[in-house]
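First up is the structure itself, then whatever we jot down about it.
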Amino acid sequence: MKVLACIDGSQYSQSCCEYAAWVAQRMKAQIDVVYVTDLRQFEIPFVADLSGSLGLQPYQSIMGELQQLEEQKASLVLERAEDLVRKAGFEGEVSRIHKTGFLVDSLSELEETAELIVIGKRGENANFAAEHLGSTMERVVRASSKPCLVASRAFQPVDKVMLAYENVPSCNAAIDYFCNSIFFSDIELHLVSVSKKDDEAGVLSELKAAEDRLGSAGLKVNCQMLHGAVAPELSEYAKETGIGLLAMGAYGHSKIRHLIIGSTTTEILRDCRLPTLLFR
């Protein structure tokens, strides 16, 4: 069993490593730390123009130097990542993986033996785009078949988890995962739905069925139905109850869908400032 930690050397890489260590320790899994050299940095107009302004031979020399520097950077980033994982208390096996290309293109191979993927909410340009989710994170969540833990800016211990529930396949996949994983066996779980008043009875019935499934698996469940706009209600509930991790389904054909990629997702991840576990 493996946890795949995707890093890029940004500030979020530290919390990514710390959450990966926390998850892997609980799951008794090993960690694969992966750094992917983005090919786009060698395709920018400035670099391409060097071939015309300097001539082919000097251009090839500069490109070789840039690639060597990138190799050195990758080695340092991976070394620091393993050090962070160890400092977080993880004593299991850690593998360092460096690939060149695009993370999404390598994802099917990398996640094949992984139980869960950990990735930062934002990447190297986080300080320049603080209100936006990272594009790599978004593509990974869309492409992956495994649960994805989106790390927040700083690691915080987790003893309470909120599962935003609606009766759609992605949320039910989350229920199945919670029931069958040792990851959550001793964590206080809050099962929360947001309902319109005219649909209260149906939502309450579905929520009760989900609660029964989780309870039958031996999980401690606090069940709550809220009313209002989804993102603000979940955000406020998380603050009031001291939630340390948000879990929800990805790409359900409903209002929960908008919590994953889109304006509501950006809002809730920014306002809650919580790590978020996403399920397909």
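Just so you know, our numbering puts 11 at position 7 of the sequence shown, and the rest follows in order with no gaps. Ideal Cβ positions, reconstructed from N, Cα and C, are used throughout, including at glycine.
Query: Test item: CB-CB of Asp225 and Glu210 under 8 angstroms; Result: Contrary to the premise, residue 225 reads as Val rather than Asp in this sequence. Their beta carbons are not under 8 angstroms apart, which means Val225 does not touch Glu210 by this criterion.
Query: Cβ neighbour criterion (16 or more within 10 Å) applied to Thr140; Result: buried
Query: Rounded straight-line distance, which links the Cα of Lys200 to that of Ser14; Result: 40 angstroms
Query: Local Cβ density within 10 Å of Thr280, reported as buried at 16 or more and exposed below that; Result: buried
Query: The ligand COA heavy atom lying under 7 angstroms from the CB of Phe187; Result: Because no ligand of any kind appears in the structure shown, any question about the ligand COA cannot be addressed here.
Query: Limits of the beta strand (DSSP E) - the one that Ile186 falls within; Result: Ile186 -> no beta strand (DSSP E), and no H or E assigned at all.
Query: Sequence-distant residues of its chain with Cβ nearer than 8 angstroms to Val162 (five each side left out); Result: Trp26, Ile191, Gly248, Leu249 and Pro279
Query: Reduced DSSP secondary structure (H/G/I, E/B, other) of Asp12; Result: coil
Query: As assigned by DSSP and simplified to three states, the class of Asn176; Result: helix
Query: Met5, DSSP secondary structure in three states; Result: coil
Query: For Ser156 and Glu22, the rounded distance between their alpha carbons; Result: 11 angstroms
Query: Inter-residue Cα distance where the pair is Leu193 and Lys6; Result: 24 angstroms
Query: Glu119 in three-state terms, based on DSSP; Result: strand
Query: For Leu230: DSSP bridge partner residues; Result: Val198
Query: Which listed residue (Leu107, Ser99, Val98 and Glu113) has its alpha carbon closest to that of Asp42; Result: Leu107
Query: Residues bridged to Lys164 (per DSSP); Result: Glu192
Query: Integer-rounded CB distance, given that Lys164 should sit under 8 angstroms from Thr245; Result: 7 angstroms
Query: From Glu74, Ser110 and Glu119, residue whose alpha carbon lies closest to that of Ile35; Result: Glu119
Query: Ala251 - DSSP class collapsed to helix/strand/coil; Result: strand
Query: Leu167 burial status per 10 Å Cβ neighbour count (16 or more: buried); Result: buried
Query: Counted within 10 angstroms of its Cβ, other Cβ atoms place Ala33 as buried (16 or more) or exposed; Result: buried
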